[in-house]
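All remarks here apply to the structure that follows.
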Amino acid sequence: MKGKSPRAGMQVVIIGGGPGGTGCALALHQLAAKMGREVHITLVEGKHFRGEQHYNQCAGVLSPPLPALIQERLDVPFPYHLSRGLIRDYVLHTGGETILLSGEGEPSVALRRVQFDAYMLEKVRERGIRVHQARVTDVEFHADRVVVYTENAPLQADVVVGAFGLDEGTGTIFKRQTGYQPPQALSSVVTKYHPGEAGMQAIGERIHAFLPRNPQIEFGAVTPKGNHLTINIAGKYVTVDLMHAFLQHPEVR
């Protein structure tokens, strides 16, 4: 950025096409227009969300105030048409006790993460923001620019934004080049189950959260989504075998 005016056509590269990356791109585009500044934005994403070729594992529940923020701050209609159901209450299962947590405000919205990612990325394209479909392979920081290397072509930028979440590959690149330290995080295993119409009605518009006694599982959750349940567990080293054990627990069954 040294010696370069923001009005001279600043180049910004955003790495990551999930909600963080698309939200950043839309907000920056809107702010630049309000301030009368020319900013060229390129969003880099290696996954193809359209057609559901790729996806990010996620329980897929958006809670207030996110719907309002997307509409008010990003000027993007919230995709209620993608909703797979509303979440009005939470049920906490712990130590043999069950606690109902009822919300009085706006309900949360359950949806499929891949469809939400595709929707937000399409809104980015509609604003004229360039989407570079490739994975990042390296990043170089120079005194006057940043070079972002991808699978098919290098990109030069004045500013680079790392919106790659917990992606280990990109996190390793930034750690090597900048001293960035990836945050501590839990791993997760996600699956889905179709209990039939009667089973879905029994669950209702509630997320069931579990704090199992198994020390390897920090928590588990069962989330209704239209015609199926999304089930996830999280812990430091969770595995498919631990998911099987969780599903066999009497409270979960």
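Those letters in the sequence shown? Residues 103 to 355, by the numbering used here. The beta-carbon is built from N, C-alpha and C at its ideal position, and this holds for glycine as well. Quick caveat: nothing in here was measured; it's all calculated off a predicted structure.
Burial state of residue i, where buried means 16 or more other Cβ atoms lie within 10 Å
| i | result |
| --- | --- |
| Met345 | buried |
| Gly105 | Residue placement at Gly105 is poorly supported in this model, since its pLDDT is 46, which falls under 50; the coordinates are not used for a value here. |
| Lys327 | buried |
| His234 | buried |
| Tyr221 | buried |
| Asn334 | buried |
| Ala255 | exposed |
Endpoints, alpha helix (DSSP H) assigned at residue i
| i | result |
| --- | --- |
| Ile275 | Glu270 to Thr280 |
| Phe312 | It is not in any alpha helix (DSSP H) - Phe312 instead sits in the beta strand (DSSP E) that spans Arg308 to Leu313. |
Spatially closest choice to residue i from the options, by CA coordinates
| i | options | result |
| --- | --- | --- |
| Lys338 | Ala236, Leu176, Arg247 and Ala287 | Ala287 |
| Val146 | Gly207, Gln132 and Thr239 | Thr239 |
| Asp260 | Leu268, Val250 and Asn254 | Val250 |
| His310 | Thr196, His183 and Leu130 | Thr196 |
| Gly111 | Ser204, Thr332 and Thr144 | Thr144 |
| Asp343 | His183, Val216, Arg214 and Val292 | Val292 |
| Gln113 | Ala236, Thr341, Lys149 and Arg232 | Arg232 |
Simplified DSSP state of residue i, which is helix, strand or coil
| i | result |
| --- | --- |
| Asp177 | coil |
| Lys149 | coil |
| Ala161 | coil |
| Arg186 | strand |
| Ala336 | strand |
Where the beta strand (DSSP E) through residue i begins and ends
| i | result |
| --- | --- |
| Lys327 | Phe321 to Lys327 |
| Val241 | Val238 to Phe243 |
| His234 | Arg232 to Gln235 |
Do the stretch 172-185 and the stretch 311-324 make contact, defined as three or more Cβ pairs closer than 8 Å?
No contact exists between the stretch 172-185 and the stretch 311-324.
When you compare the stretch 124-142 with the stretch 290-309, are there three or more beta-carbon pairs, one atom per stretch, that lie closer than 8 Å?
Using a C-beta cut-off of 8 Å, the stretch 124-142 makes no contact with the stretch 290-309, since fewer than three inter-stretch Cβ pairs fall below that distance.
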